[in-house]
Amino acid sequence: MRIFVTGGTGFIGGRLITALAKRGHQVVALVRTYERARELPRGVRAVAGDLTKPESYRTHLVGCEALIHAAGATTLGPSRLERERLERINLGGSRDVRDAALAAGVGRIVHLSQASAYGDVRGRAVPEGERPDPARTVTYAAAVRAQAQAGAMDAQAGGAPVIVVVPGQVYDPLTPQPADAEFAVFRRDGLWVLSGAGSLRCWTPVDQLAVGLCDVVERGALGAVYHLAGESRRARDVAGAIGPARLWFPTTVARGMARALRDVWPAQAERWRARAGADHVLDSARARAELGWDGDGGA
Ligand SMILES: NC(=O)c1ccc[n+]([C@@H]2O[C@H](COP(=O)([O-])OP(=O)(O)OC[C@H]3O[C@@H](n4cnc5c(N)ncnc54)[C@H](OP(=O)(O)O)[C@@H]3O)[C@@H](O)[C@H]2O)c1
């Protein structure tokens, strides 16, 4: 298949492109600069452009059979300008690239979302197909993600050939690092102070996500929502996934900081709210049944 990929220079998109190339797919990757394209595997065609400027990539979608939209931006405690940027990239960019793909006749469109779009689910496993509610999210970036996923699901309801994929907490078992800024309070040399020890997450090794995305683009059902997520475990119980030499910051103190700063410094309050931890648990029954997804490797 000829597949247009956004976010190919990112953590997930990089592994995805390698996996697609291994399966013999022809990849066209949207990159912000040709400098960044040097990181792409040999044989991948790079197109310089920007999600916020559809005219920069539109014509390169013509002739592609699939689009995998894996680009995105995130910021914890965004300023007003950063909020606008998140909306432009994650909401406007997702809508524009989907519309451009539809106009170009692309037959399979995969929208990558994020478990935080469902909010703090407090131990409940979200079934595939549930609509995310921006009002229930913990951070502004997650609220924007929720709106973007809802937009993709609206497009599905309108008959567009869209598949939504929501991974768990993505990490690289070979290179432990805080997969998400919300876990890191302080990090220097060997000393990592992390937060959210009690957060319940489904941990997804990045290479298994890449394999799952290949399966989705090749044979996922159009109109489906698939959760590609492993077993749920508390952050404190997941060896190596979010960093070595861990010291855990007390959750009660993080909650107190969030409360104290709520009215005086909302951006900092959001950071502490995120650090207090949140449960993002996904039920992957459909992905397991239809795609044979196995997300339990490693953690
Ligand atoms: N990491 C996780 O745990 C996780 C879990 C679930 C879902 N996700 C979602 O998966 C997506 C990718 O995550 P990631 O961890 O791979 O993020 P990442 O490493 O930060 O990569 C983001 C990618 O998006 C590209 N990008 C950002 N703004 C763009 C723009 N305006 N135009 C074109 N490309 C742009 C970046 O390009 P540059 O290289 O030029 O910056 C990069 O290739 C995100 O949407 C995220 O919400 C992530």
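The number in this note's numbering is simply the position in the sequence shown, starting from 1, with 4 added. C-beta: ideal position from N, C-alpha, C; glycine also.
Legend entry - For Leu71, three-class secondary structure by DSSP: In the three-state reduction of the DSSP assignment, Leu71 falls in the strand class.
Legend entry - Test item: CB-CB of Val148 and Leu80 under 8 Å: Taking 8 Å as the cut-off, the Cβ atoms of Val148 and Leu80 do not count as close.
Inset, instruction - Could I get the ranges of all uninterrupted alpha helix (DSSP H) runs contained in the region 197 to 245, with 4 residues as the minimum, in chain order? - result: Fully enclosed alpha helix (DSSP H) runs of 4 or longer: 210 to 223.
Legend entry - Three-state secondary structure assigned by DSSP to Pro270: Residue state for Pro270 is assigned as helix, using DSSP reduced to three classes.
Inset, instruction - For Leu116, write down the residues that DSSP places opposite it in a beta bridge. - result: Answer by DSSP bridge pairing, in chain order: Val169.
Legend entry - Nearest candidate by alpha-carbon position, reference Ala264, set Pro254, Trp276, Phe253: Of the listed residues, the one whose Cα sits closest to Ala264 is Trp276.
Legend entry - Burial state of Val268, where buried means 16 or more other Cβ atoms lie within 10 Å: When all chains shown are included, Val268 counts as exposed.
Inset, instruction - Please report how far the alpha carbon of Pro254 lies from the alpha carbon of Gly194, in whole angstroms. - result: Near 20 Å, if we compare the C-alpha coordinates of Gly194 and Pro254.
Legend entry - Length of the line joining the Cα atoms of Gly216 and Val257: Gly216 and Val257: Cα-Cα distance of roughly 38 Å.
Inset, instruction - Taking Leu20 as part of the alpha helix (DSSP H), name the residues at either end of that continuous run. - result: First-last of the alpha helix (DSSP H) with Leu20: 15 to 26.
Inset, instruction - Please go through the same chain and pick out, in chain order, the residues whose beta-carbon is closer than 7 Å to the beta-carbon of Glu294, but skip the five residues on each side of it. - result: Counting only Cβ-Cβ distances below 7 Å, and skipping sequence neighbours, we find Ala225.
Legend entry - First and last residue of the uninterrupted beta strand (DSSP E) at Leu90: Taken as a continuous stretch (DSSP letters only), Leu90 belongs to no beta strand (DSSP E), being part of the alpha helix (DSSP H) at 84 to 90.
Legend entry - Under the three-state DSSP convention, the category Phe253 falls into: Collapsing the DSSP output to three states places Phe253 in coil.
Inset, instruction - May I ask you to report which of helix, strand or coil DSSP gives Leu265? - result: Note: Leu265 maps to helix in three-state DSSP.
Legend entry - Range of the contiguous alpha helix (DSSP H) that encloses Ala293: Its alpha helix (DSSP H) spans residues 289 to 295.
Inset, instruction - Look at Leu24 and Val35 and say whether their C-beta atoms are less than 8 Å apart. - result: Cβ distance not < 8 Å, so Leu24 and Val35 don't count as in contact.
Inset, instruction - Helix, strand or coil for Leu34, going by three-state DSSP, please let me know. - result: Of the three classes helix, strand and coil, the one that applies to Leu34 here is strand, per DSSP.
Legend entry - Proximal residues to Trp196 (C-beta, below 6 Å), its chain only, five neighbours per side dropped: Excluding sequence neighbours, Trp196 sits near Gly247, Ala249, Arg250.
Legend entry - Proximity below 8 Å, CB of Gly172 to CB of Arg205: Taking 8 Å as the Cβ cut-off, Gly172 and Arg205 qualify as a contacting pair.
Legend entry - Neighbour-count burial assignment, Phe190, 16 or more Cβ in a 10 Å radius: Exposed, by the Cβ-count rule.
Legend entry - Contact set for Asp100: own chain, Cβ-Cβ below 6 Å, skip 5 residues either direction: For Asp100, same chain residues with a beta-carbon under 6 Å away, outside a window of 5 residues either side, are Pro58 in chain order.
Inset, instruction - Please name the residue or residues paired with Thr10 in a DSSP beta bridge. - result: Leu34, His73.
Inset, instruction - Apply the 10 Å Cβ neighbour rule to Glu88 and answer buried if 16 or more other Cβ atoms are within range, or exposed otherwise. - result: Classification of Glu88: exposed, given that the 10 Å Cβ count is below 16.
Legend entry - Under 8 Å between C-beta atoms of Ile7 and Ala70: Against a cut-off of 8 Å, the Cβ pair of Ala70 and Ile7 comes out as a contact.
Inset, instruction - Please state whether DSSP places His284 in a helix, a strand or coil. - result: The answer is strand: DSSP assigns His284 an E or B state.
Legend entry - Arg6 beta carbon near ligand 1 (any heavy atom closer than 7 Å): In terms of side-chain proximity, the C-beta atom of Arg6 is found no nearer than 7 Å to any non-hydrogen atom of ligand 1.
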